[in-house]
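One structure is given here, and the rest of the page talks about it.
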Amino acid sequence: MDERRWIDEWCQRIVGKPCWMVWAGGCAGSRFSLALGAKIPRTPVRRNPAYSAEANENEGEYGLHVGCAEWAFGIERPGVTQVITNSAADC
């Protein structure tokens with residue numbers, strides 16, 4: 294199966310799945326992971342104090358991990374426009 298088709302099929306499977314955990318980091322906030330779908334019990338349980346008990350005890354039915362990605366986030370309110378950006382070069 295080619296990569297594009299695999300990505301399309303994977304995206305179709307996660308539509309409507311709840312996102313129950315988000316991890317973000319990297320020096321410029323350029324990395325993040327999402328846990329999607331059912332909570333699958335971890336065996337053995339992870340013991341990382343940086344994570345919640347829920348994240349230590351479970352993993353997502355689906356996971357999405359993005360590293361060194363460029364992004365932009367915009368906020369617009371009356372009289373205020375703010376755009377925060379990150380370049381992959383900031384990783």
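Add 293 to a position in the sequence shown, counting from 1, and you land on the number used in this note's numbering.
Here a beta-carbon is modelled for each residue, glycine too, at the ideal position from N, C-alpha and C.
- L357 and M314 have their C-alpha atoms spaced approximately 11 Å apart.
- Apart from sequence neighbours up to five positions away, the residues of its chain that approach P334 with a beta-carbon distance below 7 Å are E350, N351, ordered along the chain.
- DSSP lists no bridge partner for P311.
- Residue C312 holds the alpha-carbon nearest to the alpha-carbon of A331 among V338, P337, F325, C312.
- Around the beta-carbon of S323, 16 or more other beta-carbon atoms lie within 10 Å, marking it buried.
- Considering only Y344, L329, P337, G360, the residue with the shortest C-alpha distance to E354 is L329.
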